[in-house]
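Q:
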Ligand SMILES: [Zn+2]
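Take a look at the structure:
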């Protein structure tokens, strides 16, 4: 696995980092490289692209019931060497090892999936392939999405042999899927702070994303006395500070005001309009709902006190997606047996695993520590010994899951 990761780095990195953006020649080259790896396996596997461009690799077992392992080979522009690739290449290693141990005939069918366009970095549509698989994709809303050069998603897909109207057909791959496992780098600082190599993921946090606009009165900065100002930025700034205690009341909640624009936005005017964005996340839907209500109430109070009005417009939201309790327990066992200590944590970023879990297929993820919590840039890194531990624990998890599937059947 480490050899493959190094090879992939040589193949797909330039001076600025990984260049594996989905639906580009670089990504297709990486996928062709992966197909060569499949052709060289000691046991023959069937593989094909589904209607949404996800690559499925199948090693038939004694039972059609399938254990699915996967992640994504695509990356954000100037990305790191592990995001996504680690999960795909670990899955390849585990599939190969189990094939060897069972003389090419495992007790259940083993499948590997390389999801298409997890990142959504080019067209702003994350989890493209896995949402098509899950049936939660909205073709109508995504058809005309365009990249910076004006190429539409529909055109880019067609260039890769994918018809946008057919992507829902990827749902046929759900047949016989009995469990889904994904290994991924944490992309955050939690495990490193705890000095732990590995953690089990409880689920992906729900997200509430809103555009909040405060409106006051634009006025001359020299002639308008402080007492009569209706400063939209002042109201927004108070909310930016207030979301911190609102989130801190819950252990894993986060709240971010990521964008603030002022109008007219000149040095000699009191701000008449302030456009902000708010992104709030938690694994518990009730907590997320409470945070949203508190932030809303706070914004109305601050607006009133600053002589302004406030309007909320939803940008996007997704409910929290908890992973399977039985698989969480198996992942915990596998990590304890491999690394001695474990930790359970929710994922702030979304992953393909969330789309799989939404369909009702029992799902769990395992995280390996990220150095300095960095990801989506070339500095992304994980200690090699931690990558080795991660592979061992993931292999254990796969074997435990197979035992469980066989046990459920008999
Ligand atoms: Zn990823």
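In our numbering, the protein residues as written are 1043 to 1452. We put the beta carbon where it would ideally sit given N, CA and C, even for glycine. In this text the structure is predicted, and so the values were computed from the model without any measurement.
1) Which first and last residues belong to the beta strand (DSSP E) in which residue 1316 is found?
2) Here's a check: name, in chain order, each residue in its chain whose Cβ is nearer than 7 Å to the Cβ of residue 1147, leaving out the five neighbours to either side.
3) Helix, strand or coil, according to DSSP, for residue 1359 in the structure here?
4) Output the boundary residues of the beta strand (DSSP E) element that contains residue 1254.
5) Note down the Cα distance separating residue 1442 from residue 1345, rounded to an integer number of angstroms.
6) Find out if the Cβ-Cβ distance for the pair residue 1422, residue 1101 is shorter than 7 Å.
7) Which of the three DSSP states, helix, strand or coil, is assigned to residue 1173?
8) According to DSSP, which residues form a beta bridge with residue 1303?
9) Measure the C-alpha to C-alpha separation of residue 1156 and residue 1354 and round it to an integer number of angstroms.
10) When the distance is taken between beta carbons, is residue 1333 closer than 7 Å to residue 1320?
11) To the nearest angstrom, how far is the alpha carbon of residue 1412 from that of residue 1387?
12) Examine ligand 1 and report whether any of its heavy atoms sits within less than 6 Å of the Cβ of residue 1191.
13) Taking DSSP as the reference, what is the three-state secondary structure of residue 1067?
14) Thinking C-alpha only, which one of 1133, 1113, 1318 is nearest residue 1281?
15) Identify the continuous alpha helix (DSSP H) that holds residue 1113 and give its terminal residues.
16) With the cut-off set at 7 Å, would you say residue 1043 and residue 1225 are in Cβ contact?
17) Would you decide whether residue 1301 is buried or exposed? Buried here means 16 or more other CB atoms lie within 10 Å of its CB.
18) Within 8 Å, do at least three Cβ pairs link the segment 1080-1099 to the segment 1163-1174?
19) Report, in whole angstroms, the separation of the C-beta atoms of residue 1049 and residue 1114, which I expect to be a contact under 8 Å.
20) Would DSSP call residue 1402 helix, strand or coil?
21) Tell me whether the segment 1389-1409 and the segment 1255-1268 touch, counting them as touching only if at least three CB pairs, one residue from each stretch, are closer than 8 Å.
22) Would you say the beta carbon of residue 1116 comes nearer than 6 Å to a heavy atom of ligand 1?
23) Could you check if residue 1126 belongs to the surroundings of ligand 1, using beta carbon to heavy atom distance under 6 Å?
24) Please confirm whether residue 1184 and residue 1199 have their CB atoms less than 7 Å apart.
25) On the three-state DSSP scale, how would you describe residue 1193?
26) Any contact between the segment 1428-1445 and the segment 1220-1240? By contact I mean 3 or more CB pairs, one from each, below 8 Å.
27) Do residue 1358 and residue 1251 have their beta-carbon atoms positioned less than 7 Å apart in this structure?
28) Would you say the beta carbon of residue 1164 is closer than 6 Å to some non-hydrogen atom of ligand 2?
29) As an exercise, report each continuous alpha helix (DSSP H) stretch of at least 4 residues that is fully enclosed by the segment 1385-1437, in chain order.
30) Do residue 1363 and residue 1328 count as a contact pair if the criterion is CB distance below 7 Å?
A: In brief:
1) Against the chain shown, residue 1316 aligns to sequence position 274. 1315-1324 is the span of the beta strand (DSSP E), which, as asked, contains residue 1316.
2) Residue numbering aside, residue 1147 sits at position 105 when the chain shown is read from its first letter. Counting only Cβ-Cβ distances below 7 Å, and skipping sequence neighbours, we find 1103, 1104.
3) By one-based count along the chain shown, residue 1359 stands at place 317. In the structure shown, residue 1359 sits in a strand (DSSP, three-state: E or B).
4) Numbered from its first residue, the chain shown carries residue 1254 at position 212. Its beta strand (DSSP E) spans residues 1248-1257.
5) The count along the chain shown starts at 1 and reaches residue 1442 at position 400. The count along the chain shown starts at 1 and reaches residue 1345 at position 303. In a straight line, the C-alpha of residue 1442 is about 55 Å away from that of residue 1345.
6) The residue given as residue 1422 occupies position 380 in the chain shown. The residue given as residue 1101 occupies position 59 in the chain shown. Cβ distance not < 7 Å, so residue 1422 and residue 1101 don't count as in contact.
7) Reading the chain shown from its first residue, position 131 is the one you call residue 1173. In this structure, residue 1173 counts as helix in the three-state DSSP scheme.
8) Position 261 of the chain shown, counting from 1, holds the residue named residue 1303. Partner(s): 1317.
9) What you label residue 1156 is simply residue 114 of the chain shown in a count that begins at 1. What you label residue 1354 is simply residue 312 of the chain shown in a count that begins at 1. So the alpha carbons of these two residues sit roughly 38 Å apart.
10) By 1-based counting over the chain shown, the position of residue 1320 is 278. By 1-based counting over the chain shown, the position of residue 1333 is 291. Not closer than 7 Å, so no.
11) Locating residue 1412 in the chain shown gives position 370, where the first residue counts as 1. Locating residue 1387 in the chain shown gives position 345, where the first residue counts as 1. Taking the straight line from one Cα to the other gives about 14 Å.
12) Within the chain shown, numbered from 1, the residue matching residue 1191 stands at position 149. It does not: the Cβ of residue 1191 is nowhere closer than 6 Å to a heavy atom of ligand 1.
13) In the chain shown, residue 1067 corresponds to position 25, counting from 1. Looking at residue 1067 - three-state DSSP - the assignment turns out to be helix.
14) Residue mapping note: residue 1281 aligns to position 239 of the chain shown, counting from 1. Closest by alpha carbon: 1318.
15) For the purposes of this step, residue 1113 is identified with residue 71 of the chain shown, where counting begins at 1. First-last for residue 1113: 1105-1114, but that is the beta strand (DSSP E), not the alpha helix (DSSP H).
16) As a position in the chain shown, residue 1043 is number 1, starting the count at 1. As a position in the chain shown, residue 1225 is number 183, starting the count at 1. No, the pair does not count as a contact, with Cβ atoms beyond the cut-off.
17) If you number the chain shown from 1, residue 1301 lands on position 259. Flag for residue 1301 reads exposed.
18) yes
19) In the chain shown, counting from the first residue as 1, residue 1049 sits at position 7. In the chain shown, counting from the first residue as 1, residue 1114 sits at position 72. So it is not a contact: roughly 18 Å between Cβ atoms.
20) Here residue 1402 refers to the residue found at position 360 of the chain shown. Three-state result, residue 1402: coil.
21) no
22) In the chain shown, residue 1116 corresponds to position 74, counting from 1. No, the Cβ of residue 1116 stays beyond 6 Å of every heavy atom of ligand 1.
23) Counting from one through the chain shown, the residue named residue 1126 turns up at place 84. Indeed, a heavy atom of ligand 1 lies less than 6 Å from the Cβ.
24) In the chain shown, residue 1184 corresponds to position 142, counting from 1. In the chain shown, residue 1199 corresponds to position 157, counting from 1. Going by C-beta atoms, residue 1184 is not nearer than 7 Å to residue 1199.
25) Counting from one through the chain shown, the residue named residue 1193 turns up at place 151. Reduced to three states, the DSSP call for residue 1193 is coil.
26) yes
27) The sequence position of residue 1251 within the chain shown is 209, counting from 1. The sequence position of residue 1358 within the chain shown is 316, counting from 1. Cβ distance < 7 Å, so residue 1251 and residue 1358 count as in contact.
28) Inclusion of ligand 2 in the displayed structure is not the case, the ligand content consisting of ligand 1 alone.
29) 1394-1400
30) Here residue 1328 refers to the residue found at position 286 of the chain shown. Here residue 1363 refers to the residue found at position 321 of the chain shown. Taking 7 Å as the cut-off, the beta carbon of residue 1328 is found no closer than this to the beta carbon of residue 1363.
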